[in-house]
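Peer 1:
Numbering (the numbering used here), first residue to last: -3 to 422.
#1: Using the Cβ count rule (16 or more neighbours within 10 Å means buried), how would you classify residue 146?
#2: Check whether the stretch 211 to 224 and the stretch 355 to 370 are in contact - that is, three or more C-beta pairs closer than 8 Å.
#3: Between the C-alpha atoms of residue 328 and residue 290, what's the straight-line distance to the nearest angstrom?
#4: When the Cα atoms are used, what is the spatial distance from residue 325 to residue 84?
#5: Judging by CA-CA distance, which residue of 406, 171, 288 and 348 is the nearest neighbour of residue 89?
#6: Taking the C-alpha atoms as reference points, what is the distance between residue 40 and residue 272?
#7: Under the assumption that residue 36 contacts residue 245 (Cβ atoms under 8 Å), give the Cβ distance between them as a whole number of angstroms.
#8: What is the DSSP secondary structure of residue 82, counted as helix, strand or coil?
#9: In whole angstroms, what is the alpha-carbon distance linking residue 339 and residue 373?
#10: At what residues does the alpha helix (DSSP H) containing residue 182 begin and finish?
#11: Could you check which residue in 317, 323, 400 and 274 has the C-alpha nearest to that of residue 350?
#12: Would you please state the rounded distance, in angstroms, between the beta carbons of residue 269 and residue 259? I believe it to be under 8 Å.
#13: For the candidate residues 330, 336, 371 and 226, whose alpha-carbon lies nearest to that of residue 177?
#14: So, do the stretch 45 to 63 and the stretch 143 to 159 have three or more beta carbon pairs nearer to each other than 8 Å?
#15: Look at the alpha carbon of residue 371 and the alpha carbon of residue 274, and state the distance between them as a whole number of angstroms.
#16: Rounded to the nearest angstrom, how far is the Cβ of residue 144 from that of residue 68, given a contact under 8 Å?
#17: Residue ranges of each alpha helix (DSSP H) run of no fewer than 4 residues wholly in the stretch 273 to 298, ordered along the chain?
#18: Which of the three DSSP states, helix, strand or coil, is assigned to residue 160?
#19: Mind checking residue 392: buried by the 16 CB within 10 Å criterion, or exposed?
#20: Within 10 Å of its beta-carbon, does residue 134 have 16 or more other beta-carbons around it, so buried, or fewer, so exposed?
#21: Helix or strand or just coil, what does DSSP make of residue 48?
#22: Assuming residue 264 contacts residue 398 under a Cβ cut-off of 8 Å, what Cβ separation, rounded to an integer in Å, is found between them?
#23: Am I right that residue 221 and residue 174 are in contact with their C-beta atoms under 8 Å? What's the rounded C-beta distance?
#24: Might you give, ordered along the chain, the residues of its own chain that have their beta carbon closer than 6 Å to the beta carbon of residue 333, omitting 5 neighbours on each side?
#25: Can the beta-carbon of residue 45 be found less than 8 Å from the beta-carbon of residue 137?
#26: Report back the beta-carbon spacing between residue 182 and residue 71 to the nearest angstrom; my notes put them in contact at under 8 Å.
#27: By alpha-carbon positions, which one of 192, 229, 267 and 266 ends up nearest to residue 249?
#28: Does residue 155 come out as helix, strand or coil in the three-state DSSP assignment?
#29: Output needed for residue 407: all residues of its chain with C-beta closer than 7 Å, excluding positions within five of it in sequence on either side, in chain order.
#30: Leaving out five residues on either side along the sequence, give the residues of the same chain with a beta carbon under 8 Å from the beta carbon of residue 211.
#31: Whole angstroms is fine: what's the gap from residue 360's alpha carbon to residue 166's?
#32: Once the 5 residues before and after residue 187 are set aside, which same chain residues still bring their CB inside 7 Å of it?
#33: Would you report the Cα separation of residue 293 and residue 320, rounded to the nearest angstrom?
#34: Between the alpha carbons of residue 345 and residue 224, how many angstroms are there, rounded?
#35: Please report the residue range of the alpha helix (DSSP H) in which residue 353 lies.
#36: Determine the direct distance from the alpha carbon of residue 164 to that of residue 109, and round the result to whole angstroms.
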């Protein structure tokens, strides 16, 4: 996280990107919002851990099955999409940890002896295991859950100071793990599903065997995991900013459906076209990736904050090293933008959403048409031809509908405005 001094208060950046107030964990003076850990908060944490573990188990299982079936190429590609994103996540996790230590070295030294995540990520052998089994988000989720439970225990015994202390420790961990989970989902799970769907489309011969069942299981769990991660991520961001209203369960459901359905349509679109022209599909994705990276770098304030050294004043011109790191981070976020929009600046998103989802709609339609008109007669007569036309277009529109419902009815700011207008009428 990054820190910025502003007279009487401090500002940190969630994952080095999103602004949120920084509080002294040992001071009773806290913002107006009650430091209350709800059942929904605990449910989100436990569900996130379970979803990640199930997704990880299915992915590792399908890789092993490819190896046992002597499908070495598919095994290598599956393993590649498992390990490289996990390696990137561990690097980002260590960077976040290093920033936390720079901001508050005394607290960081204390935490290193008490939290599972910080101890494991620091040890080289454990770091290798974290990469191999995609454990970076799980470790941080575990620490967050422990803080949440401690805050609830303090509330039960009437320890207000302890409740506030553990509540803000929970927020601090949750801020980091939310971004890590997004990177894990859209750098590992999304490409993994494109790969598995492409393999299914190219080689499926209408036989339902164990390999087919495991492929479908891997696809479904990863899709659910990605939608859940985005909903959990947006909830965590709002929870950490005391000047914003907390998202309710209806808003969380709308966000889950929005990101889940849009992601489904994007993954199906890429998979369909990759089953015919894999090389051209890769080139198209690279072009989209570069365009999104340039878009992110045009307004790179949040990216630069993550890559700055904390001992340098914010007004100083970034060093060459900091700029290189910011470009690398923008490239990572640009990969996420192949599938879903990730806002890296706390600002108005209307025009950004119109541009991004308009571009995605155009790409989906073009890919659908190319796929429909270039299939063989045999493929057009197959069972999946009419089935795939609908999921590539309908989920996208349903996802945009869920997004519209969220912003018009269930967005916390909109909800507050509606409540205020009702009070004025009364």
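Positions of the beta carbon are idealized from the N, C-alpha and C atoms, including for glycine.
Peer 2: Working from what's here:
#1: It counts as buried.
#2: Judged by Cβ distances under 8 Å, the stretch 211 to 224 makes no contact with the stretch 355 to 370, as fewer than three pairs qualify.
#3: One C-alpha to the other measures close to 12 Å.
#4: For residue 325 and residue 84, the distance between alpha carbons rounds to 10 Å.
#5: Comparing alpha-carbon positions, the option among 406, 171, 288 and 348 lying closest to residue 89 turns out to be 171.
#6: Roughly 39 Å between the two C-alpha positions.
#7: Going by Cβ atoms, the distance from residue 36 to residue 245 rounds to 7 Å, so yes, they are a contact pair.
#8: Secondary structure at residue 82: helix, using DSSP grouped into helix, strand and coil.
#9: In this structure, the alpha-carbon of residue 339 lies about 43 Å from that of residue 373.
#10: Where residue 182 is concerned, there is no enclosing alpha helix (DSSP H), given that its DSSP letter is neither H nor E.
#11: Nearest C-alpha to residue 350 among 317, 323, 400 and 274: 400.
#12: The C-beta distance from residue 269 to residue 259 rounds to 16 Å, too long to meet the 8 Å contact threshold.
#13: Each of 330, 336, 371 and 226 was checked against the Cα of residue 177, and the nearest Cα belongs to 226.
#14: Counting Cβ pairs under 8 Å, fewer than three are found: no touch.
#15: Their backbone Cα atoms lie some 14 Å apart in a straight line.
#16: Not a contact, Cβ separation roughly 44 Å.
#17: Taking only runs of at least 4 residues, the alpha helix (DSSP H) segments lying wholly in the stretch 273 to 298 are 274 to 294.
#18: In the structure shown, residue 160 sits in a helix (DSSP, three-state: H, G or I).
#19: With 16 or more other Cβ atoms within 10 Å, it is buried.
#20: Around the beta carbon of residue 134, 16 or more other beta carbons lie within 10 angstroms, which makes this residue buried.
#21: Judged by DSSP in its simplified three-state form, residue 48 adopts helix.
#22: No, residue 264 and residue 398 are not in contact; Cβ-Cβ is about 17 Å, not under 8 Å.
#23: Wrong, their Cβ atoms sit about 14 Å apart, outside the cutoff.
#24: Same-chain partners within the cutoff: 288.
#25: One thing to note: residue 45 has its Cβ within 8 Å of the Cβ of residue 137.
#26: Contact doesn't hold; Cβ gap of about 23 Å is too wide.
#27: The shortest C-alpha separation from residue 249 is found at 229.
#28: Coil, per DSSP.
#29: For residue 407, where only same-chain residues beyond five positions count, the Cβ hits under 7 Å are 247.
#30: Once the five neighbours on either side are set aside, the close Cβ partners of residue 211 are 58, 192, 195 and 196.
#31: Residue 360 and residue 166: Cα-Cα distance of roughly 40 Å.
#32: Within the same chain, 77 come within 7 Å of residue 187 by CB-CB distance, once the 5 residues on both sides are set aside.
#33: Going by the C-alpha atoms only, they are around 11 Å apart.
#34: Distance between the alpha carbons of residue 345 and residue 224 is about 21 Å.
#35: Under the DSSP assignment, residue 353 falls in the alpha helix (DSSP H) whose first and last residues are 346 to 369.
#36: Legend: pLDDT at residue 109 = 45, less than 50; position of this residue unreliable, no value from coordinates given.
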